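FYI, this note's numbering numbers position 14 of the sequence shown as 309, with every residue one higher than the one before it.
Note that CB positions come from ideal geometry on N, CA and C, so glycine has one too.
Everything numeric in this text was worked out from a predicted model, so none of it was measured.
Written out below as structure tokens is the structure these notes cover.
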Amino acid sequence: MSSFDGEPIYEKIREKVFIYVTYQRRTVSEVKRTFLPTFRKYNIPEEILEELVEELQEKGHLDDKDFVKRKFKAYINFKLLSVKEISYKILQKGIAKDLVEDYIEENREKLYEHEITSAKILYEKKLANSSEEEVKRYLLRKGYREDIVNTL
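Here it is as structure tokens:
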């Protein structure tokens with residue numbers, strides 16, 4: 296319970312934060328980055344934002360570990376990306392590196408299979424317009440593992 300509970304401006308901001316995290320899965324970092332300027336604008340201490348984030352975590356609205364899991368699944372199902380590219384995209388959301396590394400470690404086989412499949416598809420697509428060597432360099436730049444690229 297915050298000392299700002301009941302104050303109209305705080306309640307309005309609190310509602311906006313709730314809508315923000317329920318509209319789409321967000322990370323703790325995204326919430327803080329988005330709403331810290333608003334809290335500062337209305338002279339609401341940062342500790343109140345921290346309390347609000349903790350409350351959202353307790354209620355299950357903010358869960359960085361679940362966010363990593365869902366993002367990996369979404370990228371694997373809908374994009375042709377290397378595991379390294381997926382990791383970078385998730386890290387840009389402000390996720391702790393150890394959460395991403397833990398997920399990769401726990402799902403190593405599934406991610407390796409995805410990377411092989413993805414690399415093969417990209418290889419075939421790019422081979423129509425480029426030499427084999429150019430395509431392999433392209434895949435390496437995209438973060439595909441060298442052992443996978445060399446088997447193509």
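Rounded distance between the beta-carbons of residue j and residue i, thought under 8 Å
| i | j | result |
| --- | --- | --- |
| K392 | E325 | 16 Å between Cβ atoms; not a contact. |
| K437 | Y398 | No, K437 and Y398 are not in contact; Cβ-Cβ is about 20 Å, not under 8 Å. |
| R321 | L357 | 7 Å |
| K360 | L394 | 6 Å |
For residue i, three-class secondary structure by DSSP
| i | result |
| --- | --- |
| A414 | helix |
| K420 | helix |
| Q352 | helix |
| A369 | helix |
| Y337 | coil |
| E302 | coil |
| T322 | coil |
| I390 | coil |
| K437 | coil |
| D442 | helix |
| S382 | helix |
| L347 | helix |
CA-to-CA distance, residue j to residue i, given in whole angstroms
| i | j | result |
| --- | --- | --- |
| Q352 | Y418 | 42 Å |
| F334 | I371 | 37 Å |
| L347 | Y318 | 17 Å |
| K368 | V316 | 19 Å |
| E428 | L375 | 20 Å |
| Y439 | S382 | 12 Å |
| T445 | K311 | Per the sequence shown, the amino acid found at residue 445 is Asn instead of Thr. The straight-line gap from Cα to Cα measures roughly 50 Å. |
| K327 | R309 | 12 Å |
| E404 | K307 | 46 Å |
| N402 | L435 | 22 Å |
Check whether residue i and residue j have beta carbons under 8 Å apart
| i | j | result |
| --- | --- | --- |
| I416 | I443 | no |
| F362 | I390 | yes |
| Y433 | K420 | no |
| K366 | I339 | no |
| E342 | L331 | no |
| I304 | Y337 | yes |
| L447 | A423 | no |
| L406 | V378 | yes |
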